[in-house]
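For the sequence shown, our numbering begins at 30 and goes up steadily by one. Ideal placement from N, C-alpha and C gives every residue a C-beta, glycine not left out. See structure below.
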Amino acid sequence: MFAPFPGLRFDPAIVGDVAAATSPPYDVIDAALRAELEASSPYNMAHILLPDEADP
30 MFAPFPGLRF
40 DPAIVGDVAA
50 ATSPPYDVID
60 AALRAELEAS
70 SPYNMAHILL
80 PDEADP
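Structure, rendered in structure tokens:
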């Protein structure tokens, strides 16, 4: 059974251009694209999807 949950949305007043905060799926992001995405916005999803270090 699934319970409803509230959706999360970027606040344009904080994020600015919402397009700069989105990213493609994690499994298609290479190192060059990751650097580009992370540089585009401190709110880009690549910061969350791709950790800086591997899990121990």
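By the 16-neighbour rule on beta-carbons within 10 angstroms, Ala-50 is buried.
Ile-43 and Tyr-72 have their alpha carbons spaced roughly 9 Å apart. Leaving aside the five residues that flank Arg-63 on each side, the residues in its chain whose CB is nearer than 8 Å to its CB run, in chain order, Ala-75 and Leu-79. Restricting attention to Val-47, Asp-40, Glu-82 and Leu-66, the CA atom closest to the CA of Pro-54 is found in Leu-66. In the three-state scheme derived from DSSP, where H, G and I count as helix and E and B as strand, Leu-62 is classed as helix.
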